[in-house]
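114 is the number of the first residue of the sequence shown in the numbering used here; add one for each residue after it. Here is the structure we will look at.
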Amino acid sequence: MEAAPDPTLQGLTARLDESSKIISDCTSQNGLLELSFDANGPAQFPVPPSSPEAHIARLQLLEAAKLLERLVRGPIEAANRIAANAVWHALSKTHIADADEQAARYTDQLSAHPIDNEEPTSSGFQLANKTDLTVFDYFDEVKPKRAERFGLAMSSLSLPGGIFDSAHVLRSFDWASLGTATVADVGGGQGHISRVIAEASPNMSFVVQDYANPSAVGEEALPTNLCSRFEFMPHHFFTAQPDLSNRGEVVFYIRLILHDWPNKYCIRILRNLIPALKNGSKVLVNESILPPVGAVNRALEKLGKYVRSSSPAVQTIQDVDADWLWL
Numbered sequence: 114m115e116a117a118p119d120p121t122l123q124g125l126t127a128r129l130d131e132s133s134k135i136i137s138d139c140t141s142q143n144g145l146l147e148l149s150f151d152a153n154g155p156a157q158f159p160v161p162p163s164s165p166e167a168h169i170a171r172l173q174l175l176e177a178a179k180l181l182e183r184l185v186r187g188p189i190e191a192a193n194r195i196a197a198n199a200v201w202h203a204l205s206k207t208h209i210a211d212a213d214e215q216a217a218r219y220t221d222q223l224s225a226h227p228i229d230n231e232e233p234t235s236s237g238f239q240l241a242n243k244t245d246l247t248v249f250d251y252f253d254e255v256k257p258k259r260a261e262r263f264g265l266a267m268s269s270l271s272l273p274g275g276i277f278d279s280a281h282v283l284r285s286f287d288w289a290s291l292g293t294a295t296v297a298d299v300g301g302g303q304g305h306i307s308r309v310i311a312e313a314s315p316n317m318s319f320v321v322q323d324y325a326n327p328s329a330v331g332e333e334a335l336p337t338n339l340c341s342r343f344e345f346m347p348h349h350f351f352t353a354q355p356d357l358s359n360r361g362e363v364v365f366y367i368r369l370i371l372h373d374w375p376n377k378y379c380i381r382i383l384r385n386l387i388p389a390l391k392n393g394s395k396v397l398v399n400e401s402i403l404p405p406v407g408a409v410n411r412a413l414e415k416l417g418k419y420v421r422s423s424s425p426a427v428q429t430i431q432d433v434d435a436d437w438l439w440l
């Protein structure tokens, strides 16, 4: 028996059109409500069992829609979703790990603290883990293995095809214009983004600043061809920036950090750069911006909100809107 041909974009869209027409013809010929998201639309599929051809078309439509989504997402993104679901199911089913207590404790957090509370130690994470440390301090001081996993997870998001593909970093700024400057990657984790920039900018040096754990992991994983241009410096951005004047021109780079903190803490992070700034010093802020509701298609809007809600500091996370473009 000959195997069925692989679905194509044109073939699937044609199947969608064909099945949609069968359903639309059936509803209009029988005086049934059209499928709609309107408040007065049908609450369930309106075609009765006496019209089997419409039900068959519905199943074909659902199958084609799922295949089309997987095809457009591409195999890597589609496989990631399958793998992630399988891992979560396996861990919870066998009680290797329980469900996410941080999310479950969100309601308790709302009851315990005012809705406008901006303290990063007043979230569901603290209640679930019985700590008064911030998420990142807790990882560093209590769960260093989780800190390492978190750093690897952040690195994976910047891989080709990831949510924060590092290719955007190279395209969105003229790094060559910095010449032989040193980039201080503030809160740079294991240095994955600095490595990407370094490969494309052979004349620049890098100081990656973060907790001691990610600094050690990043230093160990650093390719030998980059070692002479890199330093991993344990440094907390809530303390004053150390003097880097012996490195010539220094550009301070803050990528995907500020959205994790309320505005008053963002101000502290930026103010702590002042001791190390000189006339003409540059500070580059690289953040994801949430568009106004309805400004982009629903898939992009949903993705942005999902990324925000899945932050480890979810209860204190700062919405970064277009106003930040004026920073």
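C-beta: ideal position from N, C-alpha, C; glycine also. Only a predicted model underlies this, so the values are computations on that prediction, with no experimental measurement involved.
Quick one: is residue i buried, meaning 16 or more other Cβ sit within 10 Å of its Cβ, or exposed?
{"i": "Phe345", "result": "buried"}
{"i": "Asn376", "result": "exposed"}
{"i": "Asn326", "result": "buried"}
{"i": "Asp245", "result": "exposed"}
{"i": "Val299", "result": "buried"}
{"i": "Phe252", "result": "buried"}
{"i": "Ile189", "result": "exposed"}
{"i": "Asp130", "result": "exposed"}
{"i": "Gln428", "result": "Caution is warranted here: a pLDDT of 43 is assigned to Gln428, below 50, making its placement in the model unreliable, and the coordinate value is therefore given only provisionally. By the 10 Å Cβ count, Gln428 comes out buried."}
{"i": "Leu146", "result": "exposed"}
{"i": "Gln466", "result": "Nothing about residue 466 can be read from this structure; the chain reaches only from 114 to 440."}
{"i": "Phe343", "result": "buried"}
{"i": "Ser149", "result": "exposed"}
{"i": "Phe350", "result": "buried"}
{"i": "Ala156", "result": "exposed"}
{"i": "Leu125", "result": "buried"}
{"i": "Ala435", "result": "Confidence is the limiting factor: at Ala435 the pLDDT is only 46, short of 50, which leaves the residue's position unreliable, though a coordinate-based value still follows. Answer is exposed; the Cβ neighbour count stays below 16."}
Going by C-alpha to C-alpha distance, which of the options sits closest to residue i?
{"i": "Gln322", "options": "His348, Ser307, Phe277", "result": "His348"}
{"i": "Gly144", "options": "Pro159, Asn153, His372, Asp130", "result": "Pro159"}
{"i": "Lys179", "options": "Pro120, Lys256, Leu240, Pro161", "result": "Pro120"}
{"i": "Pro162", "options": "Ala177, Leu175, Ala199, Thr140", "result": "Thr140"}
{"i": "Cys340", "options": "Pro257, Pro355, Gly304, Leu146", "result": "Gly304"}
{"i": "Asn193", "options": "Phe350, Leu272, Arg411", "result": "Leu272"}
{"i": "Ala127", "options": "Ala177, Tyr251, Gly154", "result": "Ala177"}
{"i": "Asn359", "options": "Lys415, Leu390, Ile380, Leu403", "result": "Leu390"}
{"i": "Asn385", "options": "Arg411, Pro355, Trp374", "result": "Pro355"}
{"i": "Ile310", "options": "Ala408, Ala280, Phe350", "result": "Ala280"}
{"i": "Ile306", "options": "Thr234, Val282, Gln142, Leu174", "result": "Val282"}
{"i": "Ser314", "options": "Glu414, Pro336, Ala289", "result": "Ala289"}
{"i": "Pro336", "options": "Ile380, Glu312, Ala152", "result": "Glu312"}
{"i": "Leu172", "options": "Gly187, Ser132, Phe286", "result": "Ser132"}
{"i": "Leu357", "options": "Ile387, Glu254, Leu184", "result": "Ile387"}
{"i": "Lys415", "options": "Tyr378, Ile276, Asp151", "result": "Ile276"}
Rounded to the nearest angstrom, what separates residue i and residue j at their Cα positions?
{"i": "Gln431", "j": "Leu383", "result": "With a pLDDT of only 48 at Gln431, under the threshold of 50, the placement of this residue in the model should not be trusted, and no figure is reported."}
{"i": "Asp278", "j": "Leu270", "result": "7 Å"}
{"i": "Ala266", "j": "Gly302", "result": "11 Å"}
{"i": "Ser236", "j": "Leu369", "result": "20 Å"}
{"i": "Val248", "j": "Gln123", "result": "47 Å"}
{"i": "Val406", "j": "Ala199", "result": "32 Å"}
{"i": "Ala191", "j": "Glu182", "result": "9 Å"}
{"i": "Ala353", "j": "Leu371", "result": "16 Å"}
{"i": "Ala334", "j": "Arg308", "result": "11 Å"}
{"i": "Trp374", "j": "Pro233", "result": "7 Å"}
{"i": "Asn399", "j": "Arg284", "result": "12 Å"}
{"i": "Glu231", "j": "Ile402", "result": "20 Å"}
{"i": "Ile195", "j": "Arg186", "result": "13 Å"}
{"i": "Asp250", "j": "Asn316", "result": "34 Å"}
{"i": "Ser268", "j": "Leu174", "result": "37 Å"}
{"i": "Ile380", "j": "Ala408", "result": "28 Å"}
{"i": "Ala241", "j": "Glu254", "result": "17 Å"}
{"i": "Asn153", "j": "Tyr378", "result": "47 Å"}
Would you list the residues sitting across from residue i in a DSSP beta bridge?
{"i": "Thr295", "result": "Ser318, Val363"}
{"i": "Pro347", "result": "Asp323"}
{"i": "Val185", "result": "None; Val185 has no bridge partner."}
{"i": "Leu397", "result": "Tyr366"}
Sorry if obvious, but does the Cβ on residue i come closer than 7 Å to a heavy atom of the ligand GDP?
{"i": "Gly301", "result": "The ligand GDP is not part of the structure shown, which contains no ligands of any sort."}
The stretch 288-296 in contact with the stretch 354-364 per 3-pair CB rule at 8 Å: Verdict: yes, contact present.
At least three beta-carbon pairs within less than 8 Å, the stretch 156-171 to the stretch 130-144: Yes, they touch.
Three or more C-beta pairs below 8 Å linking the stretch 392-402 and the stretch 319-336: Note that the stretch 392-402 does not touch the stretch 319-336; fewer than 3 beta-carbon pairs, one per stretch, sit closer than 8 Å.
Touch test, the stretch 253-269 against the stretch 327-343, Cβ-Cβ under 8 Å, three pairs minimum: With the rule of 3 Cβ pairs closer than 8 Å, the stretch 253-269 counts as touching the stretch 327-343.
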